[in-house]
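A quick write-up on the structure given underneath.
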(Lines of atoms letter the chains of each structure in order from A and count residues from 1; the text may use other names and numbers.)
(Lines give C-alpha, C1' and ligand atoms only; values in the text may rest on other atoms or scores of the structure.)
Protein backbone atom coordinates (compact mmCIF):
# COMPACT_ATOMS: atom_id res chain seq x y z
CA UNK A 1 0.00 0.00 0.00
CA UNK A 2 1.36 3.40 -0.96
CA UNK A 3 1.78 6.10 1.68
CA UNK A 4 -1.45 7.97 2.31
CA UNK A 5 -2.55 11.17 4.01
CA UNK A 6 -5.33 10.30 6.44
CA UNK A 7 -7.61 12.73 8.30
CA UNK A 8 -9.28 11.43 11.48
CA UNK A 9 -12.19 13.42 12.97
CA UNK A 10 -13.09 12.62 16.58
CA UNK A 11 -14.53 14.72 19.37
CA UNK A 12 -12.74 12.51 21.91
CA UNK A 13 -8.96 12.12 22.06
CA UNK A 14 -6.25 11.71 24.73
CA UNK A 15 -5.29 12.98 27.24
CA UNK A 16 -8.93 12.04 27.88
CA UNK A 17 -9.37 8.44 28.99
CA UNK A 18 -11.83 6.09 27.31
CA UNK A 19 -12.50 3.64 24.50
CA UNK A 20 -12.90 6.18 21.65
CA UNK A 21 -9.83 8.07 22.79
CA UNK A 22 -7.71 4.91 22.83
CA UNK A 23 -9.12 3.68 19.51
CA UNK A 24 -8.23 6.92 17.73
CA UNK A 25 -4.79 7.43 19.28
CA UNK A 26 -3.59 3.86 18.94
CA UNK A 27 -4.97 3.52 15.41
CA UNK A 28 -3.36 6.82 14.37
CA UNK A 29 -0.02 5.77 15.80
CA UNK A 30 -0.22 2.40 14.04
CA UNK A 31 -0.93 4.20 10.75
CA UNK A 32 2.10 6.45 11.16
CA UNK A 33 4.35 3.49 11.99
CA UNK A 34 3.50 2.19 8.53
CA UNK A 35 4.64 5.42 6.92
CA UNK A 36 1.29 7.23 6.54
CA UNK A 37 0.72 10.86 7.50
CA UNK A 38 -2.18 11.37 9.90
CA UNK A 39 -4.02 14.55 10.91
CA UNK A 40 -6.45 14.32 13.83
CA UNK A 41 -9.19 16.95 14.13
CA UNK A 42 -10.45 17.02 17.71
CA UNK A 43 -11.70 19.25 20.50
CA UNK A 44 -9.89 20.50 23.58
CA UNK A 45 -9.89 17.71 26.18
CA UNK A 46 -12.71 17.98 28.73
CA UNK A 47 -14.47 14.60 28.94
CA UNK A 48 -16.08 13.51 31.25
CA UNK A 49 -15.71 16.33 33.79
CA UNK A 50 -16.33 19.25 31.41
CA UNK A 51 -13.12 20.91 32.63
CA UNK A 52 -10.58 21.97 30.01
CA UNK A 53 -7.00 21.70 31.34
CA UNK A 54 -5.21 25.03 31.94
CA UNK A 55 -2.93 24.45 28.96
CA UNK A 56 -5.82 24.95 26.54
CA UNK A 57 -8.09 27.36 28.38
CA UNK A 58 -8.84 30.69 26.72
CA UNK A 59 -7.70 29.48 23.30
CA UNK A 60 -9.56 28.83 20.07
CA UNK A 61 -7.11 26.36 18.56
CA UNK A 62 -4.07 24.29 19.42
CA UNK A 63 -1.66 22.04 17.56
CA UNK A 64 0.59 19.14 18.53
CA UNK A 65 3.01 17.17 16.36
CA UNK A 66 4.67 13.83 17.01
CA UNK A 67 6.51 12.72 13.89
CA UNK A 68 3.98 12.09 11.12
CA UNK A 69 1.05 12.51 13.53
CA UNK A 70 -0.47 15.99 13.74
CA UNK A 71 -3.28 16.81 16.19
CA UNK A 72 -5.35 19.93 15.50
CA UNK A 73 -7.47 20.92 18.48
CA UNK A 74 -10.27 23.47 18.53
CA UNK A 75 -12.69 25.12 20.91
CA UNK A 76 -15.98 23.69 22.11
CA UNK A 77 -18.54 24.62 24.72
CA UNK A 78 -17.19 22.16 27.30
CA UNK A 79 -19.74 20.29 29.38
CA UNK A 80 -19.71 17.45 31.93
CA UNK A 81 -21.03 14.08 30.84
CA UNK A 82 -24.56 14.74 32.13
CA UNK A 83 -27.42 17.02 31.17
CA UNK A 84 -28.80 16.55 27.66
CA UNK A 85 -28.97 20.20 26.55
CA UNK A 86 -25.46 21.26 27.51
CA UNK A 87 -23.95 18.00 26.26
CA UNK A 88 -25.69 18.48 22.91
CA UNK A 89 -24.29 22.00 22.70
CA UNK A 90 -20.83 20.58 23.40
CA UNK A 91 -21.25 18.05 20.60
CA UNK A 92 -22.51 20.64 18.11
CA UNK A 93 -19.81 23.21 18.88
CA UNK A 94 -17.08 20.57 18.73
CA UNK A 95 -18.30 19.43 15.31
CA UNK A 96 -18.54 22.97 13.97
CA UNK A 97 -15.05 23.82 15.21
CA UNK A 98 -13.60 20.63 13.71
CA UNK A 99 -15.24 21.44 10.39
CA UNK A 100 -13.83 24.97 10.31
CA UNK A 101 -10.38 23.73 11.32
CA UNK A 102 -10.52 21.02 8.72
CA UNK A 103 -11.25 23.37 5.82
CA UNK A 104 -7.51 23.99 5.63
CA UNK A 105 -6.21 21.45 8.13
CA UNK A 106 -7.10 18.31 6.18
CA UNK A 107 -6.66 19.67 2.67
CA UNK A 108 -4.81 17.15 0.56
CA UNK A 109 -6.03 14.17 2.56
CA UNK A 110 -6.57 10.97 0.60
CA UNK A 111 -9.38 9.87 2.92
CA UNK A 112 -11.41 11.29 5.82
CA UNK A 113 -12.39 9.00 8.71
CA UNK A 114 -14.90 10.26 11.29
CA UNK A 115 -15.85 8.34 14.41
CA UNK A 116 -19.36 8.36 15.86
CA UNK A 117 -20.89 9.12 18.27
CA UNK A 118 -21.58 11.96 18.35
CA UNK A 119 -23.36 11.97 15.00
CA UNK A 120 -22.50 15.67 14.60
CA UNK A 121 -18.80 14.76 14.45
CA UNK A 122 -19.53 12.28 11.69
CA UNK A 123 -21.52 14.92 9.81
CA UNK A 124 -18.54 17.30 10.02
CA UNK A 125 -16.32 14.56 8.63
CA UNK A 126 -18.68 13.88 5.74
CA UNK A 127 -18.86 17.59 4.88
CA UNK A 128 -15.07 17.88 4.87
CA UNK A 129 -14.71 14.80 2.71
CA UNK A 130 -17.12 16.14 0.12
CA UNK A 131 -15.53 19.60 0.08
CA UNK A 132 -12.08 18.08 -0.39
CA UNK A 133 -13.38 15.50 -2.90
CA UNK A 134 -12.11 12.55 -0.86
CA UNK A 135 -13.76 9.30 0.27
CA UNK A 136 -15.51 9.27 3.63
CA UNK A 137 -15.25 6.35 6.05
CA UNK A 138 -17.63 6.26 9.02
CA UNK A 139 -16.29 4.59 12.18
CA UNK A 140 -19.24 3.44 14.35
CA UNK A 141 -18.47 2.79 18.02
CA UNK A 142 -22.01 3.15 19.34
CA UNK A 143 -25.53 3.15 17.95
CA UNK A 144 -27.08 6.58 18.36
CA UNK A 145 -29.95 7.20 19.10
CA UNK A 146 -30.80 3.58 19.90
CA UNK A 147 -28.56 3.65 22.98
CA UNK A 148 -30.42 6.64 24.45
CA UNK A 149 -33.78 4.92 24.10
CA UNK A 150 -32.48 1.55 25.30
CA UNK A 151 -31.02 3.03 28.49
CA UNK A 152 -34.08 5.17 29.22
CA UNK A 153 -32.28 8.44 28.56
CA UNK A 154 -34.66 9.48 25.78
CA UNK A 155 -38.12 8.62 24.49
CA UNK A 156 -39.27 8.07 20.96
CA UNK A 157 -40.44 11.36 19.51
CA UNK A 158 -39.42 14.13 17.15
CA UNK A 159 -35.90 14.55 18.51
CA UNK A 160 -35.11 10.85 18.35
CA UNK A 161 -36.68 10.64 14.89
CA UNK A 162 -34.43 13.47 13.72
CA UNK A 163 -31.37 11.64 15.03
CA UNK A 164 -32.48 8.49 13.23
CA UNK A 165 -32.76 10.39 9.94
CA UNK A 166 -29.26 11.81 10.44
CA UNK A 167 -27.94 8.35 11.26
CA UNK A 168 -29.40 6.86 8.06
CA UNK A 169 -28.13 9.83 6.03
CA UNK A 170 -24.58 9.19 7.22
CA UNK A 171 -24.81 5.46 6.50
CA UNK A 172 -26.07 6.10 2.97
CA UNK A 173 -23.40 8.66 2.11
CA UNK A 174 -20.36 6.93 3.60
CA UNK A 175 -18.06 5.24 1.14
CA UNK A 176 -17.46 2.59 3.79
CA UNK A 177 -18.81 1.95 7.30
CA UNK A 178 -16.62 0.37 9.99
CA UNK A 179 -18.61 -0.86 13.04
CA UNK A 180 -16.86 -2.35 16.08
CA UNK A 181 -19.14 -5.40 16.50
CA UNK A 182 -20.91 -7.93 14.31
CA UNK A 183 -24.22 -7.00 15.92
CA UNK A 184 -23.67 -3.37 14.91
CA UNK A 185 -22.91 -4.53 11.38
CA UNK A 186 -26.20 -6.43 11.18
CA UNK A 187 -28.20 -3.42 12.42
CA UNK A 188 -26.49 -1.06 9.98
CA UNK A 189 -27.06 -3.50 7.11
CA UNK A 190 -30.72 -3.41 8.11
CA UNK A 191 -30.69 0.30 7.28
CA UNK A 192 -29.94 -0.56 3.65
CA UNK A 193 -26.14 -0.43 3.65
CA UNK A 194 -24.82 -3.21 1.40
CA UNK A 195 -22.49 -5.79 2.95
CA UNK A 196 -19.77 -4.75 0.50
CA UNK A 197 -19.54 -1.36 2.25
CA UNK A 198 -19.38 -2.80 5.78
CA UNK A 199 -16.29 -4.12 7.58
CA UNK A 200 -16.12 -4.94 11.28
CA UNK A 201 -12.91 -3.87 13.01
CA UNK A 202 -13.07 -4.48 16.74
CA UNK A 203 -11.37 -2.49 19.43
CA UNK A 204 -8.10 -3.88 20.70
CA UNK A 205 -5.10 -3.04 22.83
CA UNK A 206 -1.70 -1.47 22.23
CA UNK A 207 0.40 -4.30 23.62
CA UNK A 208 3.53 -2.14 23.78
CA UNK A 209 2.02 -0.30 26.77
CA UNK A 210 2.22 -3.36 29.03
CA UNK A 211 4.95 -5.90 29.87
CA UNK A 212 4.37 -9.52 28.97
CA UNK A 213 4.84 -10.29 32.66
CA UNK A 214 4.89 -8.01 35.70
CA UNK A 215 7.87 -8.23 38.01
CA UNK A 216 7.06 -8.69 41.69
CA UNK A 217 8.60 -5.38 42.76
CA UNK A 218 6.39 -3.42 40.35
CA UNK A 219 3.28 -5.13 41.68
CA UNK A 220 4.22 -4.49 45.30
CA UNK A 221 4.95 -0.81 44.59
CA UNK A 222 1.66 -0.37 42.72
CA UNK A 223 -0.41 -1.99 45.47
CA UNK A 224 1.30 0.20 48.04
CA UNK A 225 0.66 3.33 45.94
CA UNK A 226 -3.08 2.63 45.84
CA UNK A 227 -3.35 1.49 49.44
CA UNK A 228 -4.26 -2.13 48.69
CA UNK A 229 -1.23 -4.01 50.02
CA UNK A 230 -2.02 -7.60 50.94
CA UNK A 231 -5.44 -7.42 49.28
CA UNK A 232 -6.92 -9.37 46.39
CA UNK A 233 -7.81 -6.49 44.06
CA UNK A 234 -10.60 -6.49 41.49
CA UNK A 235 -10.17 -3.44 39.27
CA UNK A 236 -12.84 -1.58 37.37
CA UNK A 237 -11.13 1.04 35.20
CA UNK A 238 -13.28 3.20 32.95
CA UNK A 239 -16.47 5.19 32.65
CA UNK A 240 -18.94 5.08 35.53
CA UNK A 241 -21.99 5.59 33.31
CA UNK A 242 -25.56 4.45 32.88
CA UNK A 243 -24.52 1.71 30.45
CA UNK A 244 -22.34 -0.07 33.02
CA UNK A 245 -24.84 -0.36 35.89
CA UNK A 246 -22.07 -0.57 38.49
CA UNK A 247 -24.37 0.37 41.35
CA UNK A 248 -26.30 -2.87 40.79
CA UNK A 249 -23.15 -4.93 41.25
CA UNK A 250 -21.98 -3.31 44.48
CA UNK A 251 -23.67 -5.95 46.71
CA UNK A 252 -21.03 -8.35 45.35
CA UNK A 253 -18.35 -6.37 47.19
CA UNK A 254 -19.75 -7.33 50.60
CA UNK A 255 -20.02 -11.00 49.61
CA UNK A 256 -16.65 -11.37 47.86
CA UNK A 257 -14.66 -12.15 51.00
CA UNK A 258 -12.85 -10.14 53.68
CA UNK A 259 -9.51 -10.05 51.84
CA UNK A 260 -10.90 -8.55 48.64
CA UNK A 261 -11.02 -4.90 47.58
CA UNK A 262 -12.88 -3.60 44.54
CA UNK A 263 -10.99 -0.64 43.10
CA UNK A 264 -13.14 1.66 40.95
CA UNK A 265 -11.03 4.11 38.94
CA UNK A 266 -12.60 6.66 36.61
CA UNK A 267 -15.31 9.27 36.24
CA UNK A 268 -18.81 9.41 34.84
CA UNK A 269 -22.39 10.50 35.25
CA UNK A 270 -23.22 7.65 37.66
CA UNK A 271 -20.15 7.83 39.88
CA UNK A 272 -21.86 9.85 42.61
CA UNK A 273 -24.70 7.32 42.66
CA UNK A 274 -22.20 4.47 43.03
CA UNK A 275 -20.37 6.20 45.88
CA UNK A 276 -23.67 6.85 47.66
CA UNK A 277 -24.78 3.23 47.19
CA UNK A 278 -21.46 1.95 48.55
CA UNK A 279 -21.92 4.15 51.62
CA UNK A 280 -25.49 2.88 52.07
CA UNK A 281 -24.24 -0.71 51.95
CA UNK A 282 -21.45 0.19 54.41
CA UNK A 283 -18.78 -1.32 52.19
CA UNK A 284 -15.99 0.77 53.68
CA UNK A 285 -12.52 0.12 52.23
CA UNK A 286 -13.77 -2.95 50.38
CA UNK A 287 -14.99 -0.57 47.66
CA UNK A 288 -12.56 2.24 46.91
CA UNK A 289 -13.38 4.96 44.37
CA UNK A 290 -10.50 6.87 42.81
CA UNK A 291 -10.48 9.63 40.20
CA UNK A 292 -9.59 8.94 36.60
CA UNK A 293 -5.85 8.70 35.99
CA UNK A 294 -3.69 10.03 33.13
CA UNK A 295 -3.03 7.60 30.31
CA UNK A 296 0.61 7.16 31.37
CA UNK A 297 -0.51 5.95 34.81
CA UNK A 298 -2.88 3.29 33.51
CA UNK A 299 -0.25 0.51 33.44
CA UNK A 300 0.51 1.05 37.14
CA UNK A 301 -3.20 0.74 37.95
CA UNK A 302 -3.30 -2.63 36.21
CA UNK A 303 -0.16 -3.69 38.05
CA UNK A 304 -2.01 -3.18 41.34
CA UNK A 305 -4.88 -5.42 40.20
CA UNK A 306 -5.21 -9.18 40.42
CA UNK A 307 -8.30 -9.34 38.20
CA UNK A 308 -10.55 -6.93 36.32
CA UNK A 309 -14.27 -6.33 36.15
CA UNK A 310 -16.17 -5.57 32.96
CA UNK A 311 -19.89 -4.78 33.14
CA UNK A 312 -22.83 -3.74 31.00
CA UNK A 313 -26.50 -3.28 31.82
CA UNK A 314 -29.03 -6.02 31.13
CA UNK A 315 -30.75 -4.35 28.17
CA UNK A 316 -31.29 -5.58 24.59
CA UNK A 317 -28.98 -3.03 22.96
CA UNK A 318 -26.16 -3.63 25.44
CA UNK A 319 -26.03 -7.18 24.12
CA UNK A 320 -24.62 -5.75 20.89
CA UNK A 321 -21.69 -4.03 22.61
CA UNK A 322 -18.11 -5.18 23.24
CA UNK A 323 -16.47 -3.36 26.17
CA UNK A 324 -12.97 -2.44 25.02
CA UNK A 325 -11.69 -2.45 28.61
CA UNK A 326 -11.73 -6.26 28.45
CA UNK A 327 -9.11 -6.19 25.69
CA UNK A 328 -6.95 -3.75 27.65
CA UNK A 329 -7.14 -5.97 30.73
CA UNK A 330 -6.08 -8.95 28.60
CA UNK A 331 -3.15 -6.94 27.25
CA UNK A 332 -2.13 -6.10 30.81
CA UNK A 333 -2.15 -9.79 31.69
CA UNK A 334 -5.14 -9.62 34.00
CA UNK A 335 -8.06 -12.08 33.87
CA UNK A 336 -11.54 -10.67 33.48
CA UNK A 337 -14.83 -11.40 35.17
CA UNK A 338 -17.42 -10.04 32.76
CA UNK A 339 -21.01 -9.28 33.77
CA UNK A 340 -22.25 -9.11 30.19
CA UNK A 341 -24.53 -10.83 27.70
CA UNK A 342 -24.88 -11.11 23.93
CA UNK A 343 -21.89 -10.66 21.62
CA UNK A 344 -19.53 -9.71 24.45
CA UNK A 345 -20.38 -12.84 26.41
CA UNK A 346 -19.95 -15.05 23.34
CA UNK A 347 -16.59 -13.56 22.40
CA UNK A 348 -15.09 -13.54 25.89
CA UNK A 349 -16.28 -17.04 26.72
CA UNK A 350 -14.89 -18.41 23.44
CA UNK A 351 -11.32 -18.36 24.72
CA UNK A 352 -9.21 -18.24 27.87
CA UNK A 353 -8.73 -15.28 30.17
CA UNK A 354 -12.32 -14.49 31.12
CA UNK A 355 -15.26 -15.84 33.10
CA UNK A 356 -18.71 -14.58 32.12
CA UNK A 357 -21.59 -14.06 34.55
CA UNK A 358 -25.06 -12.65 33.81
CA UNK A 359 -25.25 -8.84 33.68
CA UNK A 360 -26.31 -7.14 36.93
CA UNK A 361 -25.96 -10.46 38.79
CA UNK A 362 -24.08 -9.46 41.95
CA UNK A 363 -24.36 -12.93 43.53
CA UNK A 364 -22.74 -14.64 40.54
CA UNK A 365 -19.99 -12.00 40.46
CA UNK A 366 -19.28 -12.54 44.17
CA UNK A 367 -18.98 -16.33 43.70
CA UNK A 368 -16.33 -15.95 40.99
CA UNK A 369 -14.34 -13.38 42.94
CA UNK A 370 -14.42 -15.48 46.16
CA UNK A 371 -13.09 -18.48 44.25
CA UNK A 372 -10.35 -16.44 42.60
CA UNK A 373 -9.26 -14.81 45.85
CA UNK A 374 -8.62 -18.31 47.26
CA UNK A 375 -6.64 -19.49 44.21
CA UNK A 376 -3.84 -17.00 43.40
CA UNK A 377 -1.89 -19.49 41.26
CA UNK A 378 -4.98 -20.11 39.11
CA UNK A 379 -5.58 -16.37 38.73
CA UNK A 380 -1.96 -15.80 37.68
CA UNK A 381 -2.28 -18.58 35.08
CA UNK A 382 -5.47 -17.02 33.76
CA UNK A 383 -3.64 -13.72 33.46
CA UNK A 384 -0.93 -15.31 31.33
CA UNK A 385 -3.60 -16.89 29.14
CA UNK A 386 -5.30 -13.50 28.80
CA UNK A 387 -2.09 -11.85 27.60
CA UNK A 388 -1.47 -14.64 25.08
CA UNK A 389 -4.99 -14.28 23.75
CA UNK A 390 -4.56 -10.51 23.39
CA UNK A 391 -1.45 -11.15 21.30
CA UNK A 392 -3.35 -13.57 19.07
CA UNK A 393 -6.66 -11.75 18.64
CA UNK A 394 -6.70 -8.16 19.91
CA UNK A 395 -3.39 -6.59 18.91
CA UNK A 396 -4.18 -3.02 17.87
CA UNK A 397 -1.34 -3.04 15.34
CA UNK A 398 -2.83 -5.98 13.46
CA UNK A 399 -6.29 -4.40 13.59
CA UNK A 400 -4.86 -1.16 12.19
CA UNK A 401 -3.43 -3.10 9.25
CA UNK A 402 -6.93 -4.38 8.49
CA UNK A 403 -8.26 -0.83 8.81
CA UNK A 404 -5.73 0.41 6.28
CA UNK A 405 -6.96 -2.15 3.77
CA UNK A 406 -10.48 -0.75 4.19
CA UNK A 407 -9.22 2.80 3.61
CA UNK A 408 -7.30 1.75 0.50
CA UNK A 409 -10.42 0.08 -0.88
CA UNK A 410 -12.48 3.25 -0.25
CA UNK A 411 -9.84 5.44 -1.93
CA UNK A 412 -9.60 3.26 -5.02
CA UNK A 413 -13.37 2.82 -5.31
CA UNK A 414 -14.04 6.57 -5.23
CA UNK A 415 -11.30 7.30 -7.74
CA UNK A 416 -12.67 4.62 -10.03
CA UNK A 417 -16.17 6.09 -9.71
CA UNK A 418 -14.92 9.59 -10.57
CA UNK A 419 -13.03 8.30 -13.58
CA UNK A 420 -16.16 6.62 -14.93
CA UNK A 421 -16.29 3.62 -17.27
CA UNK A 422 -13.47 3.36 -19.77
CA UNK A 423 -14.37 3.52 -23.44
CA UNK A 424 -12.22 1.19 -25.57
CA UNK A 425 -10.15 2.86 -28.27
CA UNK A 426 -11.96 2.99 -31.57
CA UNK A 427 -15.35 2.55 -29.98
CA UNK A 428 -18.10 4.93 -30.90
CA UNK A 429 -18.98 7.54 -28.31
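Numbering (our numbering), first residue to last: 1 to 429.
Every residue, glycine too, gets a C-beta built ideally from N, C-alpha and C.
Original post:
Can you name the residues that DSSP bridges to residue 115?
Top reply: What you label residue 115 is simply residue 115 of the chain shown in a count that begins at 1. Answer is 139.
Original post:
Residues in its own chain within less than 7 Å of residue 127 by CB, not counting five upstream and five downstream?
Top reply: As a first step, residue 127 must be located in the chain shown, where it is residue number 127. If we look at residue 127 and ignore the five residues flanking it on each side, its Cβ neighbours are 99.
**OP:** Would you check if the distance between the CB atom of residue 102 and the CB atom of residue 113 is smaller than 9 Å?
**Re:** Residue mapping note: residue 102 aligns to position 102 of the chain shown, counting from 1. Residue mapping note: residue 113 aligns to position 113 of the chain shown, counting from 1. Against a cut-off of 9 Å, the Cβ pair of residue 113 and residue 102 comes out as no contact.
Original post:
Taking the alpha-carbon positions, what's the residue 247 to residue 282 distance?
Top reply: Position 247 of the chain shown, counted from the first residue, corresponds to residue 247. Position 282 of the chain shown, counted from the first residue, corresponds to residue 282. Taking the straight line joining both Cα atoms gives about 13 Å.
Original post:
How many Å lie between residue 31 and residue 68 at the Cα?
Top reply: Start at 1 with the first residue of the chain shown, and residue 31 comes out as number 31. Start at 1 with the first residue of the chain shown, and residue 68 comes out as number 68. The alpha-carbon atoms of residue 31 and residue 68 are separated by roughly 9 Å.
**OP:** Give me the Cα-Cα distance between residue 136 and residue 97, rounded to the nearest whole angstrom.
**Re:** To locate residue 136, count along the chain shown from 1; it is residue 136. To locate residue 97, count along the chain shown from 1; it is residue 97. Residue 136 and residue 97: Cα-Cα distance of roughly 19 Å.
Original post:
Taking buried to mean at least 16 other C-beta atoms within 10 Å of its own C-beta, is residue 17 buried or exposed?
Top reply: In the chain shown, counting from the first residue as 1, residue 17 sits at position 17. Its Cβ being crowded by 16 or more others within 10 Å, residue 17 is buried.
Subject >> Residue nearest to residue 291 in terms of C-alpha spacing, selected from 22, 23, 47 >> reply: Numbered from 1 along the chain shown, position 291 holds the residue referred to as residue 291. Out of 22, 23, 47, 47 has the C-alpha closest to the C-alpha of residue 291.
**OP:** Assuming residue 119 and residue 76 form a contact by the criterion Cβ under 8 Å, report the distance between their Cβ atoms to the nearest whole angstrom.
**Re:** Within the chain shown, numbered from 1, the residue matching residue 119 stands at position 119. Within the chain shown, numbered from 1, the residue matching residue 76 stands at position 76. So it is not a contact: roughly 15 Å between Cβ atoms.
Subject >> Three-state secondary structure assigned by DSSP to residue 375 >> reply: Indexing the chain shown from 1 puts residue 375 at position 375. Residue 375 falls in the coil class under three-state DSSP.
**OP:** Would you tell me roughly how many angstroms separate the C-alpha atoms of residue 80 and residue 236, rounded to the nearest one?
**Re:** By one-based count along the chain shown, residue 80 stands at place 80. By one-based count along the chain shown, residue 236 stands at place 236. One C-alpha to the other measures close to 21 Å.
Original post:
What three-state label does DSSP hand residue 474 in the structure shown?
Top reply: In the structure displayed, the chain extends from 1 to 429; residue 474 sits before or after that span and is not available.
Subject >> Candidates 86, 350, 324: closest to residue 20 by CA position >> reply: Start at 1 with the first residue of the chain shown, and residue 20 comes out as number 20. Residue 324 is the option with its Cα nearest to residue 20.
Original post:
What are the boundary residues of the alpha helix (DSSP H) that includes residue 197?
Top reply: Along the chain shown, one-based indexing puts residue 197 at 197. Where residue 197 is concerned, there is no enclosing alpha helix (DSSP H), given that its DSSP letter is neither H nor E.
Original post:
Since residue 214 and residue 354 are thought to touch, with beta carbons under 8 Å apart, how far apart are those beta carbons, to the nearest angstrom?
Top reply: For the purposes of this step, residue 214 is taken as residue 214 along the chain shown, with counting starting at 1. For the purposes of this step, residue 354 is taken as residue 354 along the chain shown, with counting starting at 1. Contact flag wrong, Cβ pair sits at about 19 Å.
Subject >> Alpha carbon of residue 371 to alpha carbon of residue 394, nearest angstrom >> reply: Taking the chain shown and counting its residues from 1, the one referred to as residue 371 is at position 371. Taking the chain shown and counting its residues from 1, the one referred to as residue 394 is at position 394. Distance between the alpha carbons of residue 371 and residue 394: 27 Å.
**OP:** Check whether the stretch 356-369 touches the stretch 165-184, taking contact to mean three or more Cβ pairs, one atom from each stretch, closer than 8 Å.
**Re:** no
**OP:** Examine the Cβ distances between the stretch 337-344 and the stretch 301-315 and report whether three or more of them are shorter than 8 Å.
**Re:** yes
Original post:
Buried or exposed: residue 318, going by 16 or more other Cβ atoms within 10 Å of its Cβ?
Top reply: Counting from 1 along the chain shown, the entry for residue 318 is found at position 318. So residue 318 ends up on the buried side.
Subject >> Beta carbon proximity, residue 382 to chain D, threshold 9 Å >> reply: Of the protein chains in the structure, only one exists, and it is not chain D.
**OP:** Answer yes or no: do residue 178 and residue 138 have a C-beta to C-beta separation smaller than 9 Å?
**Re:** The residue labelled residue 178 in the question sits at position 178 within the chain shown. The residue labelled residue 138 in the question sits at position 138 within the chain shown. A contact, by the Cβ cut-off of 9 Å.
Original post:
How about residue 396 and residue 205: do their beta carbons lie closer than 9 Å?
Top reply: Locating residue 396 in the chain shown gives position 396, where the first residue counts as 1. Locating residue 205 in the chain shown gives position 205, where the first residue counts as 1. Yes, these two residues count as a Cβ contact at 9 Å.
Original post:
Quick one: what's residue 72 bridged to in DSSP?
Top reply: Reading the chain shown from its first residue, position 72 is the one you call residue 72. 41, 63, per the DSSP bridge assignment.
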